[in-house]
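Heads up: the sequence shown begins at 7 in the numbering used here, then just goes up one per residue. Even glycine gets a Cβ: it sits at the ideal position worked out from N, Cα and C. The model shown is predicted, which means the values in this text are computed figures rather than measured ones. Data first, discussion second: the structure below is written as structure tokens.
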Amino acid sequence: VRARTFVANARNRDPALVTVPVVGGHAGTTIVPLLSQAQPHTTFSDEERDALTHRIMFGGDEVVKAKDGAGSATLSMAYAGAEFADKVMAGLSGEACITECTFVESSITEAKFFSSPVTLGKEGVETIHDVVANDHEKKLIADMMPDLLAQAEKGFKFVKEN
7 VRARTFVANA RNRDPALVTV PVVGGHAGTT IVPLLSQAQP HTTFSDEERD ALTHRIMFGG
67 DEVVKAKDGA GSATLSMAYA GAEFADKVMA GLSGEACITE CTFVESSITE AKFFSSPVTL
127 GKEGVETIHD VVANDHEKKL IADMMPDLLA QAEKGFKFVK EN
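This is how it looks when you write it as structure tokens:
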């Protein structure tokens, strides 16, 4: 939701008509928007791309600052969750060709869990797709991977100990 809104605003488009795949993880630099895959297709200067990427990665911080530290982006996350739940339900009821990015257990990267495009259907996640990215996005993914692996390891350790 955040990625498509920021991209739509940058190009004076309706956010409901824009899609931007976001892969990786859920925090800061582990959030990698694939601006090269945005639909409708659009191009950005390197400067625009870098500013948008940073804003998408750290957009939750904007909300915290706007609330003067008295809250978080909970409503935004709830909205995104509701949209995703609608897509899952549509797939479960037989609607075809529903592709969304979601955090799933997979083997497409060295991370055991990774957000990537998936096709949803009657059985839930039917296909986990490889990430299609340009060289800049591939570098962002490679650079964030140690952090994503460390975050996952922290979670595995917490579960094991509790």
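Beta-bridge partners of Ser113 (DSSP): none assigned. Contact check for Glu89 against Val7 passes: the beta carbons are separated by less than 8 Å. Take Ser51, set aside five residues on each side of it, and no residue of its chain has a beta-carbon closer than 6 Å to its own. In this model, Leu41 and Val69 are separated by some 22 Å (Cα to Cα). Boundaries of the alpha helix (DSSP H) around Leu81: Thr80 to Leu98. Of the residues assessed, Ser99 falls on the exposed side of the cut-off, its CB having fewer than 16 other CB atoms within 10 angstroms. With a contact defined as Cβ atoms closer than 8 Å, Gly97 and Lys128 qualify at about 7 Å.
Taking a cut-off of 8 Å on C-beta distances, the segment 75-87 does not touch the segment 47-62, as fewer than three cross pairs fall below it. Between Val38 and Val29, the C-beta gap is smaller than 8 Å, which places the two residues in contact.
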